[in-house]
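Novice:
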Ligand SMILES: [Ca+2]
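Numbering (the numbering used here), first residue to last: 4 to 98.
1. Could you tell me whether the Cβ atoms of residue 65 and residue 47 are closer together than 8 angstroms?
2. Mark residue 38 as exposed unless 16 or more other C-beta atoms lie within 10 angstroms of its C-beta, in which case mark it buried.
3. Examine ligand 1 and report whether any of its heavy atoms sits within less than 7 angstroms of the Cβ of residue 48.
4. Using DSSP with H/G/I as helix, E/B as strand and the rest coil, what is residue 92?
5. Alpha carbons only, please: which of 92, 68 and 32 is nearest the one belonging to residue 82?
6. Judging by CA-CA distance, which residue of 40, 34 and 79 is the nearest neighbour of residue 56?
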């Protein structure tokens, strides 16, 4: 079940290569994954506007986010919010 979720998630992101964002999530609880996401997000949000541009994601080495940015940016406003990323984690943990 756990491996199946991982495979599905990788397939959803369209990538097979692990990257910092979400990559370790399969070894973490939902709460730990959220905490890591929030810490990464805070660190990456250099201008502290509460959202990440693709440049911010790239600069923070969030390669999976940067390379899947348009898909992650569900409302297509050019930014990914913490809420959008949290939704992805939530999907992954099926909660
Ligand atoms: Ca920002």
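All C-beta atoms, glycine included, are put in the ideal place defined by N, C-alpha and C.
Specialist: Inspection of the coordinates gives the following:
1. For the purposes of this step, residue 65 is taken as the residue at position 62 of the chain shown. For the purposes of this step, residue 47 is taken as the residue at position 44 of the chain shown. Their beta carbons are under 8 angstroms apart, which means residue 65 touches residue 47 by this criterion.
2. Here residue 38 corresponds to residue number 35 of the chain shown, with the count starting at 1. Exposed.
3. Here residue 48 refers to the residue found at position 45 of the chain shown. Under cutoff, so the answer is yes.
4. Residue 92 sits at position 89 when you count from the first residue of the chain shown. Of the three classes helix, strand and coil, the one that applies to residue 92 here is helix, per DSSP.
5. Translated into positions along the chain shown, residue 82 becomes position 79. Ranking the options by Cα distance to residue 82, first place goes to 68.
6. Here residue 56 is taken as the residue at index 53 of the chain shown, counted from 1. Nearest option by C-alpha distance: 79.
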